[in-house]
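Respectively, the protein sequence lines represent chains A and B.
Quick note: to get our numbering, add 18 to the position in the first sequence (first position is 1).
Quick note: to get our numbering, add 18 to the position in the second sequence (first position is 1).
Note that the Cβ used here is the ideal one computed from N, Cα and C, for glycine as well.
Computed from a predicted model, the values in this text were never measured in an experiment.
There are 2 protein chains.
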Amino acid sequence: MPETGVDGRTSPTPLRVPEPTVERLSTYLQFLYSAAASGLTTISSAHVESATAVSAAQFRKDLSYFGEFGKPGVGYVISELQGRISRILQLHETQPVILIGLGNLGAALLSYPGLTEQRFEVVAAFDIDPKKCGRTVQGVPVYALSDLLTECARLNPRIAILAVPGLAAQQTFDLAYQTGIRAILNFAPAVLKVPAGVTVRNVSFTQELAVLSYHIKTDQLDS
Amino acid sequence: MPETGVDGRTSPTPLRVPEPTVERLSTYLQFLYSAAASGLTTISSAHVESATAVSAAQFRKDLSYFGEFGKPGVGYVISELQGRISRILQLHETQPVILIGLGNLGAALLSYPGLTEQRFEVVAAFDIDPKKCGRTVQGVPVYALSDLLTECARLNPRIAILAVPGLAAQQTFDLAYQTGIRAILNFAPAVLKVPAGVTVRNVSFTQELAVLSYHIKTDQLDS
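See below:
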């Protein structure tokens, strides 16, 4: 049974959804793709729990932010749930994304198959190296960073992936902000200062490794 | 002033440190490296706040889990704070890491300069493609996955980076677990089922993009 929101309404319009809930929606969507690929047409919350390590109760609570889902005795119709979660995450239509920085990591991201599967389309890549510009990498045209404003006016991307060196990150963000982009996936080892209204998700490999390293120490070496 | 821990002790031995605190320690360490590189020898918590977007109060609270830091009127001596945070994160000595999966992403990770800067050393890479094995990539020897147990017995890595396809992730983890590795940085688009005592940090590019996509919708399109 869906719960009412914190404001007592059952409207499907989310007011303030916790960030971990949004993160888990993507996990559910990924699970639904695999379940459909394995020939299933419906799933239960117990099913979700065993496949994703998210508890059945948490799954139902996460969905409850967005209205009523599932039918008693039937469970969740996969195609319907997929459609609704895709719509919530704005993934029911292709999302144009740009990549800034075509070093090793940027190039690897272009060949990452998961992006197109979830309807993220990298429509352009930008770099400061003139040797890289004017070419096409993995089907994506590469432009000079100085063409960012012009190309973005034409392509209207909503998300920018920053894969530039740490020292270049802030000025690259400032430039991307001028194009109207308000959502940033930041791989640069730098803390971006951003105006209100901008969403940044940071991916820091060294930070992830440092957290693991901490746990090795406390969990294993000391025991 | 350092606060006492939740248990009322000021012992430097952490009991239960919140995960976000551990994550921020890595951010502080990165900031300290930049501050030292710019010629500073001491910093203040206000300094940290302006550079990292973590409040001065949060910074002091995070440090308080680990004992007393800083001196009134002087602030924090950078070299001392670096040394202590490095030690907490077990980054004061080189951490041997292995990489499993040498596709585009794995190869990009090997050339990521941040790893060696923070004393993570990829000591071996493993792949199932015989054409990749027996070679050296970015100075890292590449072995067949079937040699994982043998090579890990020799190299004693504490952390494994999984950069394999989603469908191969669980069986690859199971194999890594047999080597004694209990810390996993998982790039595979899959939810790993792991025994107690194993720490997994998941990096999912599509999940990060999905969260951004969600915010574009609610923050921009609806307003």
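Check	Outcome
Residue-level contact to chain B via CB, Val155 of chain A, 7 angstroms cutoff	no
Exposure label - Gly101 of chain B; buried when at least 16 CB within 10 Å	exposed
7 angstroms Cβ cutoff met for Thr60 of chain A and Gly93 of chain A	yes
Amino acids of chain B, ordered along the chain, whose beta-carbon sits closer than 8 angstroms to that of Pro211 of chain A	Looking at the sequence itself, residue 211 of chain A is Lys, so the reference to Pro does not match. Near Lys211 of chain A (Cβ distances below 8 angstroms), the residues of chain B are Ala71.
Ala201 of chain B: contacting residues in chain A (beta-carbon distance under 7 angstroms)	Leu230, His233 and Ile234
Supposed close pair Val115 of chain B, Pro38 of chain B - CB separation, criterion 8 angstroms	Not confirmed; about 23 angstroms, so no contact.
Exposure of Thr217 of chain A, with buried meaning 16 or more beta-carbon neighbours within 10 Å	buried
Separation of Ala206 of chain A from Ser222 of chain B, as counted between CA atoms	16 angstroms
Beta-carbon proximity of Ala178 of chain B to Ala194 of chain B, cut-off 7 angstroms	yes
Assigned secondary structure, Pro36 of chain A (DSSP; H/G/I helix, E/B strand, else coil)	coil
Bounding residues of the beta strand (DSSP E) (the contiguous stretch that carries Thr217 of chain B)	Thr217 to Asn220
At least three beta-carbon pairs within less than 8 angstroms, the stretch 223-231 of chain A to the stretch 135-148 of chain B	yes
Residue-chain proximity (Val221 of chain A, chain B), Cβ-Cβ < 7 angstroms	yes
Cβ-based neighbour list, Val66 of chain A, same chain, cut-off 8 angstroms, excluding 5 preceding and 5 following	Tyr46, Phe49, Val72, Ala74 and Phe77
Short CB-CB distance (under 7 angstroms) between Gly101 of chain A and chain B	no
Cutoff 7 angstroms: Phe138 of chain A Cβ touching any chain B Cβ	yes
Complete runs of the beta strand (DSSP E) confined to the stretch 79-136 of chain B [at least 3 residues]	113-118
Neighbour-count burial assignment, Ser68 of chain B, 16 or more Cβ in a 10 Å radius	exposed
Same chain only: Cβ atoms within 6 angstroms of Glu21 of chain A, ignoring 5 sequence neighbours per side	Confidence is the limiting factor: at Glu21 of chain A the pLDDT is only 38, short of 50, which leaves the residue's position unreliable and the question unanswerable from this model.
Chain B contact for Ile61 of chain A (CB, 7 angstroms cutoff)	no
Status (buried if at least 16 other CB within 10 Å, exposed otherwise) for Asp145 of chain B	buried
Classification of Gln196 of chain A by the beta-carbon crowding that lies within 10 angstroms, buried from 16 upward	exposed
C-alpha distance - Ala126 of chain A paired with Gly91 of chain A, whole-angstrom precision	45 angstroms
CB contact below 7 angstroms: Ile177 of chain B versus chain A	yes
Min CB distance Val24 of chain B to chain A below 7 angstroms	Residue placement at Val24 of chain B cannot be trusted, given a pLDDT of 41 that sits under 50; the coordinates are not used to answer.
Range of the contiguous beta strand (DSSP E) that encloses Ala162 of chain A	Val158 to Ala162
Closest Cα partner of Ala53 of chain A within the set A:Leu99, A:Leu163, A:Gly157 and A:Gln188	A:Leu99
Buried versus exposed, by CB contacts within 10 Å (16 or more), Leu14 of chain A	An answer regarding residue 14 of chain A cannot be provided, because it is not within the stretch 19 to 241 covered by chain A.
Closest Cα partner of Lys149 of chain A within the set A:Ser129, A:Thr134 and A:Gly121	A:Gly121
Residues bridged to Asp145 of chain A [DSSP beta-bridge criterion]	A:Ala162
C-beta neighbour in chain A for Gln113 of chain B, strict 7 angstroms	yes
Same chain, Cβ closer than 7 angstroms to Pro36 of chain A, neighbours up to 5 away in sequence not counted	none
Contact with chain A by Pro38 of chain B, beta-carbon distance below 7 angstroms	no
Counterpart residues of Asn204 of chain A in DSSP-defined beta bridges	A:Leu180 and A:Asn220
8 angstroms Cβ cut-off: residues of chain B touching Ala186 of chain A	Going along chain B, no residue has its Cβ under 8 angstroms from Ala186 of chain A, so there is no contact; the nearest lies around 13 angstroms.
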